[in-house]
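Written below as structure tokens is the structure these notes are about.
In the numbering used here, the protein residues as written are -4 to 164.
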């Protein structure tokens, strides 16, 4: 197990990989399924992890975007994200990481204040998206936003061929 670095693996031709990190397995799986249903001309892979670091594996593909999913109803979710961030190389935060705060629709049930997640995203200079993954109608817009961030991030990487194919035109 080691620190995730953006260029520690060679890119695969016309393939992009998103890593969703969070404590809510069912919600992550629903989001992953929604992303995989989107029409992309290149191959999209979505991997799920409860936390970082990932086990070292020769077969693991290069990660093109890490999405830290923070459930605003769970302090454990925030703690898990903060601990996982220690296992990400600083160069990954140059357009390859974003935060997704879920549960924002029911603010009365939140155990984490929105400002805490805003501060976290600001500290790592990474984008933050609010959604409610427990509401199925939010899956598609959230998926499209993440795929847009992925395509933008890929266009900044040398040797990347997948960004134009992901946006489908």
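Note that beta-carbon positions come from the ideal geometry of N, C-alpha and C, so glycine has one too.
Residue 120 and residue 99 have their alpha carbons spaced roughly 21 angstroms apart.
For residue 40, the enclosing beta strand (DSSP E) stretches over residues 38 to 44. Relative to residue 94, the option among 53, 117, 55 whose CA is nearest is 117. Taking the C-beta atoms as reference points, residue 22 is found nearer than 8 angstroms to residue 97.
At a Cβ-Cβ threshold of 8 angstroms, residue 4 and residue 56 count as neighbours.
Note on residue 19: 16 or more other CB atoms within 10 angstroms of its CB, so buried under the neighbour-count rule. Across the structure, residue 112 and residue 9 are spaced so that their CA atoms are roughly 33 angstroms apart. Excluding its 5 nearest sequence neighbours in each direction, residue 40 has C-beta neighbours in its own chain below 8 angstroms: 10, 11, 12, 13, 56, listed in chain order. C-alpha of residue 38 to C-alpha of residue 31: approximately 9 angstroms in a straight line.
With contacts defined as CB atoms closer than 8 angstroms, residue 127 and residue 91 fail to qualify as a contacting pair.
Annotation for residue 131: 25 place their beta carbon closer than 8 angstroms to its own, counting only its chain and skipping 5 residues before and after. Residue 15 and residue 46 have their C-alpha atoms some 9 angstroms from each other. Pairing residue 17 with residue 83 gives a Cβ-Cβ distance that is not under 8 angstroms. Every unbroken stretch of the beta strand (DSSP E) spanning 3 or more residues and falling wholly within the region 113 to 143 is given here in chain order: 123 to 126. Within the DSSP secondary-structure output, residue 65 pairs in a beta bridge with 96. By the CB criterion at 8 angstroms, residue 62 and residue 2 fall outside the cutoff. In terms of Cβ geometry, residue 138 and residue 29 form a close pair [threshold 8 angstroms].
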